[in-house]
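Notes follow the structure.
Residue numbers (the numbering used here): 4 to 241.
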């Protein structure tokens, strides 16, 4: 990884912060349905569920795709950005999963448009994001990658920040819904740190292949996402 400046670190901490008003806290990505069906019952099973989602979902699909988007934004290749943005939306195989990425993408675009993120030079990219919001919709990794490109954040550090935000949100959902205590939740998050580093390495390998190797085969996750749409009592939107 390249050296990280204080300014670059602040930008990534800002984007990865749970205070970023994009609504990530309201989604569990199927974890709540797994709890409802007795697959996640305590800290141990929560760790297994999140670790599997990280290794077999995030590392194989969303993370390498994020790298492809980040590189396309840096190269100014709007056609490639649009292609991978649409690919990611199509890969969300439940109504709630698609709604999640589109809502969060829209919210991040609205935020970037409202604050001086990236300075005046970022204005053309804001317009490009706006065009995606209209058709076919703006996926969250597309907007996040654009924000990182605007401040020229190193892609490895930026992907780590993106992944940590995803991981922290999953642990927060487990704390609320299992439920887990705060100390148990922090212990869980700490235990998953090494897996996040492995996920970033796996994503880099997959994004560098020709063609890029992206996998979306998570049938249990997909089924639970679909079942969550009809779950009677729930805290989360996915």
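In this text, a Cβ means the ideal position worked out from N, Cα and C, and glycines have one as well.
- Taking a contact to require three or more Cβ pairs closer than 8 Å, the segment 165–174 and the segment 19–33 qualify as touching.
- For residue 51, the enclosing alpha helix (DSSP H) stretches over residues 46–56.
- Look at residue 108 here: in three-state DSSP terms it is helix.
- Measuring C-alpha to C-alpha distances from residue 25 to each of 197, 229, 188 and 107 identifies 107 as the nearest.
- The beta carbon of residue 97 sits closer than 6 Å to those of 228 and 229, all from its chain and outside the five residues before and after it, given in chain order.
- Look at residue 235 here: in three-state DSSP terms it is coil, with no helix or strand label.
- If you check the CB distance, residue 84 and residue 145 come in under 8 Å.
- Note on geometry: alpha-carbon atoms of residue 102 and residue 87 lie some 17 Å from one another.
- With a cut-off of 8 Å on Cβ pairs, the segment 171–183 is in contact with the segment 27–35, counting three or more such pairs.
- Here residue 95 carries a coil assignment [DSSP, helix/strand/coil].
- In the three-state DSSP reduction, residue 82 falls in the helix class (H, G or I).
- With respect to the 8 Å criterion, residue 70 and residue 216 are not classified as neighbours on the basis of their beta carbons.
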